[in-house]
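A.B. asks:
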């Protein structure tokens, strides 16, 4: 199995992008403005596409190059731009008031989840000296932070961004842990993501037209 | 040849999608979809016949794979698709005639219904666990459109909850797939084969145990979200209650099983590498939690579609428990239970569609005297609920008995006894609601009768306007129905149901004889199938299930 050592140039770059991605996830968790959510998600995806480019360069893999370009085009540019146009601007979203906990509480919980991610994945799972051993806990932490954002935020748009962050975390793990994931599968995952975002956009705007605000805290009709 | 058949199975339901996409009227698209589903079921049966006498089929680098286990699930899903497609024709055209759905919405329904079925059937035919994830996630998206079809605030809310929770869950399953792939990095296989189930299974001894353990846990949590295992089940009752009834039937009887199929594939590999104890602990925990949650919420009276949905949570829990017990009996019981539950739940949800079309409510409290007012629907509801609860003459009884026996054979007697106790509570809770819907005098004689009467007059050429439906034979039918239940000899009712149908219940919300038949025939066919499975397991099915168990061990 080809795997990068942690001290090679590509390994260091991947590690660095992993840290940046985690920091951007924290930034998103600590923000209250819809504009910022989208901006942080876009920045995170750009860093992710850079990481995919590094992996492609290290493994000389054409498929990973395609993936890096697709990540940049769709996740880095396409989704943030359309989310801003179709959701934030058209629905005139500014401050997210529908948080179930304060920002500081959710940041502390995020820190605890990051520590948990290290506890779970670090010890026996991965051999030392590989870049994967450093990045997989990071990607696990990003997944958990995205999940936390989905739980803490009650606005549908914020939940959508949370899911996209989870997806980014899984992708980060995929490119470092198993750089040779079959291409058909990767492409399929990408298609699912795009279709998912489209369908969610429809639901969010439909819900917003029905209710005054598309906050999931107002979704109280179905209980029990 | 086999490959062509496999493609035909998956492509069959797309007939309805294509017809609707090219702008044919909804009813035509519906019949096209039903015909496609019939082709699909026929091809699945053919594959099954061929599969029993040969080695598993593997092609296209492991992307295409068919063994007995996939055949079994193909058969289940294809059968449910056929029942639900025929039911769709009746339900959707009635909704459209009543003006609750536009022609565009009906076409949209058929487009996504076909897509949904095709994606699930395709998911069962791939051996690549990565592609399995892709197809299951895609089927989530296709079915989300069905859940939100009616575009009321509550159905959009349910669709949102469904799509966001399921997508999140399935993403967790993707992480599990990743760890499985990583655990295979010691194997010298080409990249595609490292995700191909048959290779992973035959090389299970060389997988890295730590990451395989994590992979299994993530897969159970992730795909368990789709299956509706507690505590990840929260989307399920909402989505089932808000979707059009035939789509609820597909969700409950096909989608949940597809998720369970993915878990079974992971279970096979984990079992081969890590032994019994770990997967058993995981599956028994989630299984019993689901049964308890399902039963507790079934006690609450309210929306009857939610009741059926919680019963699905309970049954998925039972299947997980059976898989946890393991061994020949446990796996046999789990698969038999899958088939029986699928048919019974499809019948129940189709019946619920009929009931909500007639009574314009989904609240159990608003429905009384079904047996007197509409004997066929009432009978189907009564028999269907006894079937799903595991009353003796039906198939579920046999499979639950097998599961309990498996429990006594493989683990401490606490678990099977607990299972029996929970089943008893479920019986009381579920039957309490459905029997009160079925029995009693028909709803508020004057006002409601006149309302449905005026609803009937315009469209229906078959019934003379003022005739109270089924009134002459009402009392007799009720008495007959009760007697049938008491004698536990329901064999005659489902058989005569299709015959009685067009004359008696045709004048319901359906316009024309074909739609009325389409509403009734799936119920009759499903109940007969359940009865047959309860009295006698066909030799072919027995061999098939034994082959499935052999595939897994």
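Residue numbers (this note's numbering), protein chains in the order written: chain A, 1 to 224; chain B, 225 to 777.
Where is the CB? At the ideal position from N, CA and C, for every residue including glycine.
It should be emphasised that the depicted structure is a prediction, and the values quoted were computed from it without experimental measurement.
1) For residue 28 of chain A, which residues from the same chain have a beta carbon less than 6 Å from its beta carbon, with the 5 sequence-adjacent residues on both sides left out?
2) Report yes or no: do three or more beta-carbon pairs, one from the stretch 305-313 of chain B and one from the stretch 248-258 of chain B, lie closer than 8 Å?
3) Can the beta-carbon of residue 479 of chain B be found less than 8 Å from the beta-carbon of residue 661 of chain B?
4) The stretch 233-257 of chain B: which residues have C-beta closer than 7 Å to a C-beta of chain A, in chain order?
5) In the structure shown, what three-state DSSP assignment does residue 5 of chain A receive?
6) Does chain A have any CB closer than 8 Å to the CB of residue 502 of chain B?
7) Could you tell me which uninterrupted beta strand (DSSP E) segments, each at least 3 residues in length, are contained entirely in the stretch 270-355 of chain B, listed from first to last along the chain?
8) DSSP three-state label for residue 457 of chain B, please.
9) Assuming the contact rule is C-beta atoms closer than 8 Å, residue 268 of chain B and residue 239 of chain B should be a hit. Round their C-beta distance to whole Å, please.
10) State yes or no: is the C-beta of residue 413 of chain B within less than 8 Å of the C-beta of residue 423 of chain B?
11) Applying the criterion that 16 or more other CB atoms from any shown protein chain within 10 Å of the CB defines a buried residue, is residue 320 of chain B buried or exposed?
12) Return the residue from the list B/230, B/742, B/325 and B/565 that minimises the CA-CA distance to residue 284 of chain B.
13) Run down chain A in chain order and give the residues with a C-beta less than 9 Å from the C-beta of residue 421 of chain B.
14) Indicate the three-state DSSP secondary structure (helix, strand or coil) for residue 130 of chain A in the structure shown.
15) Taking residue 141 of chain A as the query, report the chain B residues whose CB atoms sit under 7 Å from its CB, ordered along the chain.
16) Can you look up residue 99 of chain A in the DSSP assignment and give me helix, strand or coil?
17) For the stretch 355-382 of chain B, which residues have a CB atom closer than 7 Å to at least one CB atom of chain A, in sequence order?
18) For residue 398 of chain B, return the contacting residues in chain A, with the cut-off set at a CB-CB distance below 8 Å.
19) When DSSP builds the beta bridges, which residues end up paired with residue 33 of chain A?
20) Taking C-beta pairs closer than 9 Å, name the residues in chain A that residue 514 of chain B reaches, listed in chain order.
21) Assign residue 766 of chain B to one of two classes, buried (16 or more other C-beta atoms within 10 Å of its C-beta) or exposed (fewer than that).
22) Taking the alpha carbon of residue 369 of chain B as the point to measure from, which residue in A/58, A/80 and A/196 has its own alpha carbon closest?
23) Round the Cβ separation of residue 554 of chain B and residue 547 of chain B to the nearest angstrom and send it over; I've been treating them as touching at under 8 Å.
24) Would you kindly work out how many angstroms separate the C-alpha atoms of residue 338 of chain B and residue 106 of chain A, rounded to a whole number?
25) Give the single residue among A/181, A/184, A/152 and A/67 whose Cα lies nearest to the Cα of residue 98 of chain A.
26) Against residue 251 of chain A, what residues of chain B qualify as contacts under a CB-to-CB distance less than 8 Å, listed in chain order?
27) Of the choices A/23, A/100 and A/146, whose alpha-carbon is the least far from that of residue 154 of chain A?
28) Measure from the alpha carbon of residue 451 of chain B to the alpha carbon of each residue in B/435, B/476, B/437 and B/431, then state which is nearest.
29) Just the Cα atoms here: how many angstroms apart are residue 198 of chain A and residue 664 of chain B?
30) Please name the residue, chosen from B/642, B/751 and B/264, that lies closest to residue 516 of chain B on a Cα-to-Cα basis.
31) Mapping the DSSP letters down to three states, classify residue 586 of chain B as helix, strand or coil.
32) Tell me, please, whether the stretch 418-434 of chain B touches the stretch 375-383 of chain B by the rule of three or more beta-carbon pairs shorter than 8 Å.
33) Tell whether a beta-carbon distance below 8 Å holds between residue 48 of chain A and residue 135 of chain A.
34) At a Cβ threshold of 8 Å, is residue 734 of chain B touching chain A?
35) Express the C-alpha separation of residue 624 of chain B and residue 705 of chain B in angstroms, rounding to a whole number.
36) Against chain B, with Cβ distances strictly below 8 Å, would residue 34 of chain A count as a contact?
C.D. replies: Well, looking at it:
1) 37 and 40
2) yes
3) no
4) none
5) strand
6) no
7) 281-283 and 288-290
8) coil
9) Rounded, the Cβ-Cβ distance is 15 Å, inconsistent with contact.
10) yes
11) buried
12) B/230
13) Chain A residues near residue 421 of chain B: none, gap ~14 Å exceeds 9 Å.
14) strand
15) Here the premise fails: no neighbours, minimum Cβ distance about 12 Å.
16) strand
17) 355, 358, 361, 362, 365, 368, 369, 372, 375, 377, 378, 380, 381 and 382
18) 170 and 189
19) A/95
20) Chain A residues near residue 514 of chain B: none, gap ~17 Å exceeds 9 Å.
21) exposed
22) A/196
23) 7 Å
24) 42 Å
25) A/152
26) No answer is possible for residue 251 of chain A: the residues shown for chain A start at 1 and end at 224.
27) A/100
28) B/476
29) 48 Å
30) B/642
31) coil
32) no
33) no
34) no
35) Note that residue 705 of chain B has pLDDT 38, beneath the 50 cutoff, so the model's placement of it is unreliable and no number is given.
36) no
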